[in-house]
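**Q** Residue numbers (this note's numbering): 92 to 226. Every residue gets a Cβ at the ideal spot worked out from N, C-alpha and C, and that includes glycine.
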Amino acid sequence: MKRIFCLTPLVFLLSGCFHLGDPRPPLMRAKVLTVANKVCMMVQPKGDEQIVTVSIREVGDDRHGLEKYDLNLPASVNKCVPTFDYPFKVGKAYGFSVILESPAKLKRGVQPAARIYGVSFSLWENNGQLEANEL
Numbered sequence: 092m093k094r095i096f097c098l099t100p101l102v103f104l105l106s107g108c109f110h111l112g113d114p115r116p117p118l119m120r121a122k123v124l125t126v127a128n129k130v131c132m133m134v135q136p137k138g139d140e141q142i143v144t145v146s147i148r149e150v151g152d153d154r155h156g157l158e159k160y161d162l163n164l165p166a167s168v169n170k171c172v173p174t175f176d177y178p179f180k181v182g183k184a185y186g187f188s189v190i191l192e193s194p195a196k197l198k199r200g201v202q203p204a205a206r207i208y209g210v211s212f213s214l215w216e217n218n219g220q221l222e223a224n225e226l
């Protein structure tokens, strides 16, 4: 019986099920909506987190996408993430992701210093108004 109790923690540590200090940024679900007939992605920044990367991809067409890096833009709970005038089209589906990074955590060497927000959605027109539906 003692042998089982001694081996159990070792099995969990070796299997990778338990990992303290995982440096990978956590994946968070963003919210997408339309405001004034424009796509609006909302995130929940914590502390001094800033927007460092924005990625927009049209599902099924790799030629239509946008990648912006090294942005260091302020992030707010009450403001839409910038879309940089990306030409969203009705009837298409998109993947939208944002990386938020904390300069204070980076400076102190805290890992992970970033969080990734993402959402997949399709765009439709409803009574002349643009509507985003999460997938």
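1) Does the beta carbon of V134 come closer than 8 Å to any beta carbon on chain C?
2) For E158, I'd like the list of residues in its chain whose CB is within less than 7 Å of its CB, leaving aside the five on either flank, ordered along the chain.
3) When you compare only the Cα positions, how much space is there between P194 and R154?
4) Going by DSSP, what residue range makes up the alpha helix (DSSP H) through L197?
5) Would you mind stating whether L197 and P136 have Cβ atoms separated by less than 8 Å?
6) Among E149, G156, G200, whose alpha-carbon lies nearest the alpha-carbon of Y185?
7) First and last residue of the beta strand (DSSP E) that includes S167?
8) Run through DSSP, which three-state label would G182 get?
9) Name the DSSP beta bridge partners of E225, please?
10) Would N128 and Q220 be called neighbours here (beta carbons separated by less than 8 Å)?
11) According to DSSP, what are the bridge partners of A205?
12) Could you compute how far the alpha carbon of V181 sits from the alpha carbon of A204?
13) With a threshold of 16 other CB atoms inside 10 Å of the CB of F212, please say whether the residue is buried or exposed.
**A** Inspection of the coordinates gives the following:
1) The displayed structure is made up of one protein chain only, and chain C is not part of it.
2) Position 67 of the sequence shown holds residue 158. Closer than 7 Å at Cβ, skipping near neighbours: S146.
3) Indexing the sequence shown from 1 puts residue 194 at position 103. Indexing the sequence shown from 1 puts residue 154 at position 63. Going from the Cα of P194 to the Cα of R154 covers about 33 Å.
4) Position 106 of the sequence shown holds residue 197. From DSSP, the alpha helix (DSSP H) with L197 extends over 194 to 199.
5) Stepping through the sequence shown from its first residue, residue 197 is reached at position 106. Stepping through the sequence shown from its first residue, residue 136 is reached at position 45. Not a contact, by the Cβ cut-off of 8 Å.
6) Taking the first residue of the sequence shown as position 1, residue 185 is located at position 94. Residue nearest to Y185 within the set E149, G156, G200 is E149 (criterion: CA-CA distance).
7) Stepping through the sequence shown from its first residue, residue 167 is reached at position 76. Premise fails: S167 is in no beta strand (DSSP E) and is neither H nor E.
8) For the purposes of this step, residue 182 is taken as the residue at position 91 of the sequence shown. DSSP places G182 in coil when its eight states are reduced to three.
9) Here residue 225 refers to the residue found at position 134 when the sequence shown is read from its first residue. Answer is F212.
10) Reading the sequence shown from its first residue, position 37 is the one you call residue 128. Reading the sequence shown from its first residue, position 129 is the one you call residue 220. A contact, by the Cβ cut-off of 8 Å.
11) Counting from one through the sequence shown, the residue named residue 205 turns up at place 114. DSSP lists E192 as the bridge partner or partners of A205.
12) Start at 1 with the first residue of the sequence shown, and residue 181 comes out as number 90. Start at 1 with the first residue of the sequence shown, and residue 204 comes out as number 113. Distance between the alpha carbons of V181 and A204: 36 Å.
13) Here residue 212 refers to the residue found at position 121 when the sequence shown is read from its first residue. Its Cβ being crowded by 16 or more others within 10 Å, F212 is buried.
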